[in-house]
DNA sequence: ATTAGGTTGAAAGG
DNA sequence: CCTTTCAACCTAAT
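Residue numbers (the UniProt record's numbering): 1 to 600.
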């Protein structure tokens, strides 16, 4: 955890004098509640509002599985460009404009060049805690320091300052929601001062001032076949959408996230403000305080974690943990992540990614992701569980472990209840490794990558946090709870309207079969003009068998973690709290790096 | 060492 | 639409 950039209060910022200030927009694509923009306009006679197009983010990747760059699908790039156009329009209404720069390769080089070329005295930008941003911003602040340029970098993307919360919690990020909320307290109020004018931009020298580019100009090829998601980017749209959502006060007061309907698509069960929060078109603090206003006008309201305000706290929770956890975005070297020997690739992964698993509920969600760049939170759960720990595995039967009939438990309740006097054999780490190398369930990082690229609300901290959650790698550990790719969707949408909408080939399948079309008699398939295996794929796995197998594999992986058989760090100090009995039993393989630690 | 608690499972029963 | 059961996880707090 690096030191946060020093905060400057408004008074200090106001008295500071600099001939020209540069406001560097990255996230925070808004005018309201924008402390960086506020400080710039107060302290300088000329303000340069800048956005730098990042080739590392936008460069077309023809090898990608859908149009876009390696890191972003066109839906999110479109949303970004719409947000920039709206930001430009709003700045122009205040007598300014957005200066769109194109970096050759490294964004920080372009910013540093502008600072120098325009003789900037003060640089203002919103603090960003993502690793990519931290490295990028350090290059710029180092340059600024060396050049005597004042830097103001306030926290305004999140409700709280992640570094401050970590400090309050004794130097470690709170790892449970409850402890996070207790540590955090009440968030600061948004900065909502109204003003009608911004200082003009200064001389831009030889810089060519181009408008925000059109998506078609970025080289992604023919986009005429691309579906345009129903959500338009920008602060104006964000504020409108927020007001519409908050208008229904009863809905706000009674909101409970887990009770939402993931199949609702004509009118989604949530606000769909996440993409606006992701780009900072909407201030989380402003949203939070508007929600509080609604709560004050109603008799009762739901509470965190399920409430609407509670959702914003979840966002901050993941931002804080991700900021305070090295290698948060991966399994390796991530101290809070269970070490599970996932497989890296396979046909099953591609079937999942492309919505061809043969499970209409799963495929419809993945197609909605591809077309809309957004789906309901519970829909994300469903497909993430299916990919990682729920279903996608090979039907390999000859398991080394089962032949040997070893018990790998160190759980005292299990041994007491079921095998009170039995000799508990310890499962050795190498056996687990051998066994799991045949395993086909798929690494959460692969699913994470697909979401990260295609979601219009793709957010580094939240996306990784939720993949850790769903794969039972961190935060959540009840791996016996597996979403059924059949019954989970059916309970919300028994008629299958959601499936019919996103998978048109199934639109005439009777509702009795739409969640399991392979069970429909051939005559029914013919009548629906959808032959399973021809017009729509057969299921790639059998859910009953696969989920049972996956459950077992998770049990094995957890046992390995308990034994301190952490394949990455080899550090058993905090993972072997559990007591186990190993007296006189099979000696763990000598290649096991750490012996179980005896307690009692 | 023990216990309580955990945003979002499924199936069965009322 | 509610609760209970199922089989049972882990973590934090005590």
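Beta carbons: idealized from backbone N, C-alpha and C, even for Gly.
Check whether the Cβ atoms of residue i and residue j sit closer than 8 Å, and answer yes or no.
{"i": "residue 603", "j": "residue 470", "result": "As shown, the chain starts at 1 and ends at 600. That puts residue 603 outside it, with no answer to give."}
{"i": "residue 602", "j": "residue 538", "result": "This structure does not reach residue 602, given that the chain is present from 1 up to 600, and the question cannot be answered."}
{"i": "residue 462", "j": "residue 315", "result": "yes"}
{"i": "residue 503", "j": "residue 354", "result": "no"}
{"i": "residue 229", "j": "residue 499", "result": "no"}
{"i": "residue 289", "j": "residue 190", "result": "yes"}
{"i": "residue 277", "j": "residue 77", "result": "no"}
{"i": "residue 547", "j": "residue 338", "result": "no"}
{"i": "residue 485", "j": "residue 386", "result": "yes"}
{"i": "residue 333", "j": "residue 326", "result": "yes"}
{"i": "residue 522", "j": "residue 73", "result": "no"}
{"i": "residue 467", "j": "residue 351", "result": "no"}
{"i": "residue 391", "j": "residue 543", "result": "yes"}
{"i": "residue 343", "j": "residue 492", "result": "no"}
Tell me whether residue i sits in a helix, a strand or coil according to DSSP, three-state version.
{"i": "residue 592", "result": "At residue 592 the pLDDT is 30, less than 50, meaning the model places this residue with poor confidence; the figure from the coordinates comes in the next sentence. In this structure, residue 592 counts as coil in the three-state DSSP scheme."}
{"i": "residue 55", "result": "helix"}
{"i": "residue 160", "result": "coil"}
{"i": "residue 26", "result": "coil"}
{"i": "residue 212", "result": "coil"}
{"i": "residue 68", "result": "strand"}
{"i": "residue 287", "result": "helix"}
{"i": "residue 20", "result": "strand"}
{"i": "residue 520", "result": "coil"}
{"i": "residue 50", "result": "strand"}
{"i": "residue 442", "result": "strand"}
{"i": "residue 276", "result": "helix"}
{"i": "residue 470", "result": "helix"}
{"i": "residue 489", "result": "helix"}
{"i": "residue 385", "result": "helix"}
{"i": "residue 239", "result": "helix"}
{"i": "residue 74", "result": "helix"}
{"i": "residue 343", "result": "strand"}
{"i": "residue 97", "result": "coil"}
{"i": "residue 255", "result": "coil"}
{"i": "residue 328", "result": "coil"}
{"i": "residue 563", "result": "coil"}
{"i": "residue 35", "result": "helix"}
{"i": "residue 536", "result": "strand"}
{"i": "residue 138", "result": "helix"}
What whole-angstrom Cβ distance do residue i and residue j have, given they're in contact under 8 Å?
{"i": "residue 80", "j": "residue 69", "result": "Wrong, their Cβ atoms sit about 11 Å apart, outside the cutoff."}
{"i": "residue 281", "j": "residue 235", "result": "5 Å"}
{"i": "residue 317", "j": "residue 180", "result": "5 Å"}
{"i": "residue 162", "j": "residue 271", "result": "The pair is not a contact, with the Cβ atoms about 23 Å apart (cut-off 8 Å)."}
{"i": "residue 29", "j": "residue 100", "result": "That pair is no contact at about 12 Å."}
{"i": "residue 265", "j": "residue 233", "result": "Their Cβ separation, rounded to whole angstroms, is 19 Å, which puts residue 265 and residue 233 out of contact at 8 Å."}
{"i": "residue 105", "j": "residue 55", "result": "6 Å"}
Any chance the CB of residue i is under 7 Å from a heavy atom of the ligand SAM?
{"i": "residue 333", "result": "As far as ligands go, the structure on display features none, and thus does not contain the ligand SAM."}
For residue i, which residues from the same chain have a beta carbon less than 7 Å from its beta carbon, with the 5 sequence-adjacent residues on both sides left out?
{"i": "residue 511", "result": "494, 495, 496"}
{"i": "residue 249", "result": "294, 297, 298"}
{"i": "residue 226", "result": "67, 74"}
{"i": "residue 215", "result": "74, 77, 78, 81, 223"}
{"i": "residue 197", "result": "94, 95"}
{"i": "residue 102", "result": "53"}
{"i": "residue 336", "result": "175, 325, 474"}
{"i": "residue 255", "result": "302, 307, 308"}
Which same chain residues end up closer than 6 Å to residue i when comparing Cβ atoms and leaving out the 5 residues on each side of it in sequence?
{"i": "residue 375", "result": "365, 368, 369"}
{"i": "residue 144", "result": "123, 151"}
{"i": "residue 452", "result": "458, 463"}
{"i": "residue 40", "result": "21, 23, 47, 124"}
{"i": "residue 305", "result": "177"}
Going by C-alpha to C-alpha distance, which of the options sits closest to residue i?
{"i": "residue 95", "options": "127, 125, 49, 65", "result": "49"}
{"i": "residue 87", "options": "125, 61, 31, 130", "result": "31"}
{"i": "residue 115", "options": "141, 90, 97, 91", "result": "141"}
{"i": "residue 311", "options": "300, 326, 273, 343", "result": "273"}
{"i": "residue 482", "options": "75, 517, 501, 549", "result": "549"}
{"i": "residue 194", "options": "342, 447, 37, 83", "result": "37"}
{"i": "residue 389", "options": "211, 196, 446", "result": "446"}
{"i": "residue 168", "options": "158, 183, 177", "result": "183"}
{"i": "residue 231", "options": "207, 257, 267, 35", "result": "267"}
{"i": "residue 528", "options": "519, 520, 509", "result": "509"}
{"i": "residue 44", "options": "26, 119, 83", "result": "119"}
{"i": "residue 377", "options": "258, 346, 275", "result": "258"}
{"i": "residue 187", "options": "555, 283, 330, 519", "result": "283"}
{"i": "residue 480", "options": "343, 554, 127, 540", "result": "554"}
Please go through the same chain and pick out, in chain order, the residues whose beta-carbon is closer than 8 Å to the beta-carbon of residue i, but skip the five residues on each side of it.
{"i": "residue 382", "result": "262, 361, 362, 365, 483, 485, 488, 489"}
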